[in-house]
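Trainee:
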Amino acid sequence: MKVKERSGIDPAIQAYIDARLEEAKGDRRENRVTMVVFSGDLDRQLASLVIATGAAAMGMDVSVFYTFWGLGALKKRRRLKGKTLKEKMFALMTPRKLSSMPVSKLNFGGVGRVLLKSMMNDKQVTSIDELFSMAREMGIKFVACTMSMDVMGITQEELMDGVTLGGVATFLGDAACSRVSLFI
Amino acid sequence: MKVKERSGIDPAIQAYIDARLEEAKGDRRENRVTMVVFSGDLDRQLASLVIATGAAAMGMDVSVFYTFWGLGALKKRRRLKGKTLKEKMFALMTPRKLSSMPVSKLNFGGVGRVLLKSMMNDKQVTSIDELFSMAREMGIKFVACTMSMDVMGITQEELMDGVTLGGVATFLGDAACSRVSLFI
Amino acid sequence: MKVKERSGIDPAIQAYIDARLEEAKGDRRENRVTMVVFSGDLDRQLASLVIATGAAAMGMDVSVFYTFWGLGALKKRRRLKGKTLKEKMFALMTPRKLSSMPVSKLNFGGVGRVLLKSMMNDKQVTSIDELFSMAREMGIKFVACTMSMDVMGITQEELMDGVTLGGVATFLGDAACSRVSLFI
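Quick mapping for you: the protein sequence lines, in order, are chains D, A and E. Numbering of the first sequence is given in the numbering used here, commencing with residue 169 and proceeding in unit increments. Numbering of the second sequence is given in the numbering used here, commencing with residue 169 and proceeding in unit increments. Numbering of the third sequence is given in the numbering used here, commencing with residue 169 and proceeding in unit increments.
(1) Looking only at C-alpha atoms, which of E:Gly341, E:Lys265, E:Thr294 and E:Phe351 sits nearest to Ala223 (chain A)?
(2) Kindly indicate which three-state DSSP category Asp229 (chain A) falls into: helix, strand or coil?
(3) Does the region 244-259 of chain E come into contact with the region 212-226 of chain E, if we say contact requires no fewer than three beta-carbon pairs (one atom in each stretch) closer than 8 angstroms?
(4) Look at the alpha carbon of Val201 (chain E) and the alpha carbon of Asp318 (chain A), and state the distance between them as a whole number of angstroms.
(5) Mind pulling the chain E residues with CB within less than 8 angstroms of Ser295 (chain D)?
(6) Hey, is the region 291-309 of chain A in contact with the region 227-247 of chain E, meaning 3+ C-beta pairs nearer than 8 angstroms?
(7) Tell me which residues share the same chain as Val348 (chain A) and place their Cβ nearer than 6 angstroms to its Cβ, disregarding the 5 neighbours each side in the sequence.
(8) Can you check whether the C-beta of Asp186 (chain A) is within less than 9 angstroms of a C-beta belonging to chain E?
(9) Do we get a CB-CB distance below 9 angstroms when we pair Gln213 (chain D) with the residues of chain A?
(10) Using beta-carbon positions only, say whether Asp211 (chain A) and Trp237 (chain A) come within less than 9 angstroms of one another.
(11) Would you check if the distance between the CB atom of Ala241 (chain E) and the CB atom of Val271 (chain E) is smaller than 9 angstroms?
(12) Quick check on DSSP: helix, strand or coil for Thr202 (chain D)?
(13) I'd like the list of long-range same chain contacts for Glu326 (chain D), defined as Cβ closer than 8 angstroms, with 5 residues on each side in sequence excluded.
(14) Should Ser346 (chain E) be labelled buried (16 or more other beta-carbon atoms within 10 Å of its own) or exposed?
(15) Does Phe300 (chain D) get closer than 9 angstroms to chain E when you measure Cβ to Cβ?
(16) Can you check which of these residues, D:Arg264, D:Ser316, D:Pro263 and D:Met302, is closest to Leu284 (chain E) by C-alpha distance?
(17) If we ignore side chains and look at the alpha-carbon of each, how far apart do Asp290 (chain A) and Met320 (chain E) end up?
(18) Closest Cβ-Cβ distance between Phe310 (chain D) and chain E: below 9 angstroms?
(19) For chain C, find out if any of its Cβ atoms is closer than 9 angstroms to the Cβ of Glu305 (chain E); answer yes or no.
(20) Give the DSSP-derived three-state secondary structure of Val271 (chain A) in the structure shown.
(21) In the DSSP assignment, find the unbroken alpha helix (DSSP H) run with Ser316 (chain E) in it and report its ends.
(22) Using beta-carbon positions only, say whether Ser286 (chain A) and Lys254 (chain E) come within less than 9 angstroms of one another.
(23) Leu248 (chain E) by DSSP, collapsed to three states: which one?
(24) Assuming Val331 (chain A) and Ala312 (chain A) make a contact with CB atoms under 8 angstroms, what is their CB distance in whole Å?
(25) Which chain E residues sit within Cβ distance under 7 angstroms of Phe351 (chain D)?
(26) Out of D:Ala303, D:Thr314, D:Gln213 and D:Gly227, state which residue places its alpha-carbon closest to the alpha-carbon of Thr338 (chain D).
(27) Which residues bound the alpha helix (DSSP H) around Val336 (chain E)?
(28) Would you mind reading off the limits of the beta strand (DSSP E) that contains Ser349 (chain A)?
(29) May I have the straight-line CA-CA distance separating Phe302 (chain A) from Lys265 (chain E), to the nearest angstrom?
(30) Is there a Cβ from chain D that is less than 9 angstroms from the Cβ of Met320 (chain A)?
(31) Residue range of the alpha helix (DSSP H) that Glu298 (chain A) falls in?
(32) What residue from E:Glu198, E:Asp186, E:Asp329 and E:Ser207 has the CA that sits closest to Pro263 (chain E)'s CA?
(33) Spatial neighbours of Phe310 (chain D) within its chain, please: CB distance less than 6 angstroms, with the 5 preceding and 5 following residues excluded, ordered by chain position.
(34) Tell me whether Gly334 (chain E) is buried or exposed, calling it buried when 16 or more other Cβ atoms sit within 10 Å of its Cβ.
(35) Contact check, Thr221 (chain D) vs Met306 (chain D) under 8 angstroms by CB: the rounded distance?
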């Protein structure tokens, strides 16, 4: 913030006030929401995207850090070539893309997902794929957790373009200056 | 905060100091806890109410935003009349009231819930229904997520009285000025 | 922070500035991360420890509050003697130690846990037991929720040494002055 000149105030006093205020500001929060998306459930992913796009629409900066099962949301395709046997098993046991994730409740072998999607569609609620595209267009920062990628054997080629790679320090760096931080 | 008159200070200087401090305060947090209760599990609902009533007892303001499966906590009755077939299926597949929600672990067809409740009762821990009533009496702000209500076909008549209706902007508005924000 | 003497400024003005700044600081946050670990899933426990040790490595203070199923992480042994029948059932139905917790996805009767651990091992990722020891050496504050201990009939002798006992007020006290608060 630029210090505006004020007539009638001794410049020494003004400098003192500004210096002391600057110190106090070291603690300032940005107008930011930071989320860890850990869950690979369709409904929790949906909730995270509703919050992310809502915050961006309100003019807030948003960082979403995808880790563990949540990472599936960033996959553009599944690639088995070059993976070890265990990595292949893992890849085949986890959903291939965001919209084929299960819901956390009412699963009944996929019935829950179909019912939830169908009801969202009836009510003209934006689908999860549309929400995700919207989020990307709004400039939301998507970070893929490199430790999870490493453990699960996911390569950067399997992820969407424009995704940042980062570790826990990336998340904490953003979270520490955020107004809101959530683990989903 | 009222600016107190101080003798011996030039009013221009005082005005400058106060104006600069007011700017810095734009970032001020309220003494508030804001939670999203997404989960429809009895144990997670219980944890959210323990935190909510604990915070209120410490003099903090509390906002609890119920979304998705969490919304069940605010239902006073189930109403099937006027619902579409899919909405009826959804209503019948989800618990009718807070205390009939399943626990997230040890479910075994309801055994977990009965065991947890019975142990809470033995230890004279306040039951979930009592905690909920306490929370309401303490002036905790309960918000029902309108998007979830819409998708699940839940009407305001099915919800308890005194519940506020709101969207993601309501949640973010409260969370952005809170000391603590949690997703449960 | 000590107020430094500045030449050329009226002491009355300086005192006024400092007093007003002190008021504004009442709201100051510590450089702290506070987590509630509610979940008894191996993968969520792992995520909480990665965040906790990462934050400590960045010089932040960390408080981890273990409640409900999460409390299992602090158990050093299972003790059935002196427990009521219900408490015994509960003890036998919950994992005996951190590394025997199930994973939230891909469980398949324990296959998920074995696969995840084996992959972590292949990638030379620190095991959960090592992470936990590291966290303790780094001075991370571990708090066991006394209400959960009471409900589940867990005594202090069953918990690791150096664990603090506390209630919801302990958690809220730390969370209210933290930069980041998470519910896991």
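Where a beta carbon is used, it is the ideal one built from N, C-alpha and C, also for glycine. Model, not experiment: these values are computed from the prediction.
Mentor: Taking the definition as stated:
(1) Mapped onto the second sequence, residue 223 (chain A) falls at position 55. Cα-wise, what sits closest to Ala223 (chain A) is E:Gly341.
(2) As a position in the second sequence, residue 229 (chain A) is number 61, starting the count at 1. Residue state, collapsed to three classes: strand.
(3) By the Cβ criterion, the region 244-259 of chain E is not in contact with the region 212-226 of chain E, since fewer than three pairs of Cβ atoms, one from each stretch, lie closer than 8 angstroms.
(4) As a first step, residue 201 (chain E) must be located in the third sequence, where it is residue number 33. As a first step, residue 318 (chain A) must be located in the second sequence, where it is residue number 150. Using only the alpha carbons, I get a separation of about 36 angstroms.
(5) Stepping through the first sequence from its first residue, residue 295 (chain D) is reached at position 127. Those within 8 angstroms of Ser295 (chain D) in chain E number zero; the least Cβ separation is about 23 angstroms.
(6) The region 291-309 of chain A makes no contact with the region 227-247 of chain E; the number of CB pairs closer than 8 angstroms stays below 3.
(7) Along the second sequence, one-based indexing puts residue 348 (chain A) at 180. Here the set comprises Val201.
(8) Taking the first residue of the second sequence as 1, we reach residue 186 (chain A) at position 18. Yes, Asp186 (chain A) lies at the interface with chain E (some Cβ there is under 9 angstroms from its Cβ).
(9) Residue mapping note: residue 213 (chain D) aligns to position 45 of the first sequence, counting from 1. No, its Cβ sits nowhere closer than 9 angstroms to a Cβ of chain A.
(10) Here the question's residue 211 (chain A) lines up with position 43 in the second sequence. Here the question's residue 237 (chain A) lines up with position 69 in the second sequence. No; because the gap between Cβ atoms is not below 9 angstroms, this pair is not in contact.
(11) Here residue 241 (chain E) refers to the residue found at position 73 of the third sequence. Here residue 271 (chain E) refers to the residue found at position 103 of the third sequence. Judged by their CB atoms, Ala241 (chain E) and Val271 (chain E) are not nearer to each other than the 9 angstroms cut-off.
(12) One-based indexing of the first sequence puts residue 202 (chain D) at position 34. Correct three-state label for Thr202 (chain D): strand.
(13) Residue mapping note: residue 326 (chain D) aligns to position 158 of the first sequence, counting from 1. Result list for Glu326 (chain D): Lys243, Lys244, Arg245, Arg246 and Arg247, in chain order.
(14) Position 178 of the third sequence holds residue 346 (chain E). The residue is buried, with at least 16 neighbouring Cβ atoms inside 10 Å.
(15) On the first sequence, residue 300 (chain D) is found 132 positions in, with the first residue counted as 1. Interface annotation, Phe300 (chain D): not in contact with chain E, CB-CB separation never under 9 angstroms.
(16) As a position in the third sequence, residue 284 (chain E) is number 116, starting the count at 1. For the options D:Arg264, D:Ser316, D:Pro263 and D:Met302, the alpha carbon positioned closest to that of Leu284 (chain E) is the one of D:Ser316.
(17) Numbered from its first residue, the second sequence carries residue 290 (chain A) at position 122. Numbered from its first residue, the third sequence carries residue 320 (chain E) at position 152. Asp290 (chain A) and Met320 (chain E): Cα-Cα distance of roughly 11 angstroms.
(18) Locating residue 310 (chain D) in the first sequence gives position 142, where the first residue counts as 1. Phe310 (chain D) does not count as touching chain E.
(19) Here chain C cannot be found, since the structure's protein chains are D, A and E.
(20) For the purposes of this step, residue 271 (chain A) is taken as residue 103 along the second sequence, with counting starting at 1. Of the three classes helix, strand and coil, the one that applies to Val271 (chain A) here is coil, per DSSP.
(21) The residue given as residue 316 (chain E) occupies position 148 in the third sequence. That run of the alpha helix (DSSP H) goes Thr314 to Met320.
(22) The count along the second sequence starts at 1 and reaches residue 286 (chain A) at position 118. The count along the third sequence starts at 1 and reaches residue 254 (chain E) at position 86. It is a contact, given that the beta carbons lie within the stated cut-off.
(23) Looking up residue 248 (chain E) in the third sequence gives position 80. The three-state secondary structure of Leu248 (chain E), taken from DSSP, is coil.
(24) Within the second sequence, numbered from 1, the residue matching residue 331 (chain A) stands at position 163. Within the second sequence, numbered from 1, the residue matching residue 312 (chain A) stands at position 144. Going by Cβ atoms, the distance from Val331 (chain A) to Ala312 (chain A) rounds to 5 angstroms, so yes, they are a contact pair.
(25) Along the first sequence, read from residue 1 onward, the residue named residue 351 (chain D) stands at position 183. Going along chain E in sequence order, the residues near Phe351 (chain D) (Cβ under 7 angstroms) are Leu350, Phe351 and Ile352.
(26) Looking up residue 338 (chain D) in the first sequence gives position 170. The candidate whose alpha carbon is nearest that of Thr338 (chain D) is D:Thr314.
(27) Along the third sequence, read from residue 1 onward, the residue named residue 336 (chain E) stands at position 168. Start and end: Val336 to Ala343.
(28) Against the second sequence, residue 349 (chain A) aligns to sequence position 181. Val348 to Phe351 is the span of the beta strand (DSSP E), which, as asked, contains Ser349 (chain A).
(29) Walking along the second sequence from the start, residue 302 (chain A) turns up at place 134. Walking along the third sequence from the start, residue 265 (chain E) turns up at place 97. A small fix is needed here, since residue 302 (chain A) is Met in this sequence, not Phe. Looking at the two C-alpha atoms, the distance is approximately 35 angstroms.
(30) As a working note, residue 320 (chain A) is residue 152 in the second sequence. Yes, its Cβ sits closer than 9 angstroms to a Cβ of chain D.
(31) The residue given as residue 298 (chain A) occupies position 130 in the second sequence. Note, Glu298 (chain A): alpha helix (DSSP H), Ile296 to Glu305.
(32) By one-based count along the third sequence, residue 263 (chain E) stands at place 95. When only C-alpha atoms are compared, the closest one is E:Ser207.
(33) Taking the first residue of the first sequence as 1, we reach residue 310 (chain D) at position 142. Closer than 6 angstroms at the Cβ level, and outside the excluded window around Phe310 (chain D), lie Val232 and Val331.
(34) Against the third sequence, residue 334 (chain E) aligns to sequence position 166. Label assigned to Gly334 (chain E): buried.
(35) Stepping through the first sequence from its first residue, residue 221 (chain D) is reached at position 53. Stepping through the first sequence from its first residue, residue 306 (chain D) is reached at position 138. About 6 angstroms; that satisfies the 8 angstroms criterion.
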